[in-house]
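The opening position of the sequence shown corresponds to residue 219 in our numbering, with each subsequent residue numbered one higher.
By construction, the Cβ of each residue, glycine as well, lies at the ideal position given by its N, Cα and C atoms.
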Amino acid sequence: MRATLLLCAALALSGCYSFEMARVGKRVGQDIERQTDADVGGGLSMGLGPVSLATAQAGAWVFAPNSTREARQVGRHVASVEFSRRPLRGFDGHLIERPAYLERYTRSGWYPFVTVRDSGSAVFVFLRERGRQPVVTNLLAVVVAEDELVLTKVSGDLSEMIREAIAVGSGGDLFGGAFEEAGLIPREETEPDDASLAIDSAP
């Protein structure tokens, strides 16, 4: 009984439902609907705190130590993750501008890092730095794809996370390839899949 109570307390402290991501996901979805003919549905918004992340790391190590090694290396620098996922229909990535609701983040000390657009998707990444020698401590990625809207907010020592991702060679997969497109993570020399890809260093 005591172990069960401790587990329940740990899960409660780590957080489950993300009110912030639910609110932001809804408002960003409304902005997208106003800009385009897209239809954004209701979705799922969750948050994972230190306890949940540590439990996930431990489970990955126990059940799949080899296949999850790189993900665990990168993930150990993350303190919390919040996300919102919503279904999306009728979207054209070329038509969308940065959702107006995200201006709230720029007024709170975040800055737009990169915007990536093509016909099938759009990615908007925001960063926040802190400290005398600025360290990236927060990241918000808004990924608008053909069939879903995904918002992810990550907190932790993200400067170290990015360096770790580069070291293990998995950085190109971060947030829809936005870091790679921005030049922060070296890319492999390959032929572009879509000649219409548009990359902006500013929104």
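(Q) Less than 6 Å between C-beta atoms, sequence neighbours within five positions excluded: which residues of the same chain meet that for Phe237? (A) Residue mapping note: residue 237 aligns to position 19 of the sequence shown, counting from 1. The answer is none, since no qualifying residue turns up.
Original post:
In whole angstroms, what is the alpha-carbon distance linking Leu262 and Ala240?
Top reply: Taking the first residue of the sequence shown as position 1, residue 262 is located at position 44. Taking the first residue of the sequence shown as position 1, residue 240 is located at position 22. Distance between the alpha carbons of Leu262 and Ala240: 8 Å.
| For Gly374, which beta-bridge partners are listed by DSSP? | Taking the sequence shown and counting its residues from 1, the one referred to as residue 374 is at position 156. Val296, per the DSSP bridge assignment.
Exercise for review: Grab me the residues of Arg245's own chain with a C-beta within less than 8 Å of its C-beta, minus the 5 sequence neighbours each way, in chain order.
Suggested key: On the sequence shown, residue 245 is found 27 positions in, with the first residue counted as 1. Hits under 8 Å: Pro317 and Tyr319.
Minimum C-alpha distance to Val368 - residue among Leu266, Ser302, Arg252 and Thr254:
Residue numbering aside, residue 368 sits at position 150 when the sequence shown is read from its first letter. Answer by Cα proximity: Ser302.
* Which residues bound the alpha helix (DSSP H) around Arg252? -> Taking the sequence shown and counting its residues from 1, the one referred to as residue 252 is at position 34. Unbroken alpha helix (DSSP H) run through Arg252: Phe237 to Gln253.
Is DSSP giving Glu422 helix, strand or coil here?
-> What the structure shows of the chain is the stretch from 219 to 421, and residue 422 is not part of that stretch, so it cannot be assessed.
- prompt: In terms of residue numbering, what span does the beta strand (DSSP E) encompassing Pro352 cover?
  reply: For the purposes of this step, residue 352 is taken as residue 134 along the sequence shown, with counting starting at 1. Counting along the chain, Pro352 falls outside any beta strand (DSSP E), and DSSP gives it neither H nor E.
* Rank Arg252, Asp257, Val242 and Asp249 by C-alpha distance to the C-alpha of Glu366 and give the top, closest one. => Here the question's residue 366 lines up with position 148 in the sequence shown. It is Asp257.
Could you say which of Glu382, Val362 and Gly374 lies nearest to Asp249 if we only look at CA atoms? Counting from one through the sequence shown, the residue named residue 249 turns up at place 31. Out of Glu382, Val362 and Gly374, Val362 has the C-alpha closest to the C-alpha of Asp249.
Taking the beta strand (DSSP E) that Leu266 falls in, what are its first and last residues?
Counted from its first residue, the sequence shown places residue 266 at position 48. Taken as a continuous stretch (DSSP letters only), the beta strand (DSSP E) holding Leu266 covers Leu262 to Leu266.
### Nearest-angstrom beta carbon gap, Leu358 and Tyr323 [assumed within contact, 8 Å]
Sequence index remark: in the sequence shown, residue 323 carries index 105 (1-based). Sequence index remark: in the sequence shown, residue 358 carries index 140 (1-based). With 8 Å as the limit, Tyr323 and Leu358 qualify as a contact, their Cβ atoms being about 6 Å apart.
Margin query: Please report the distance separating the alpha-carbon of Val296 from that of Lys371.
Written below: For this step, residue 296 is matched to residue 78 along the sequence shown. For this step, residue 371 is matched to residue 153 along the sequence shown. Each residue's alpha carbon lies about 11 Å from the other.
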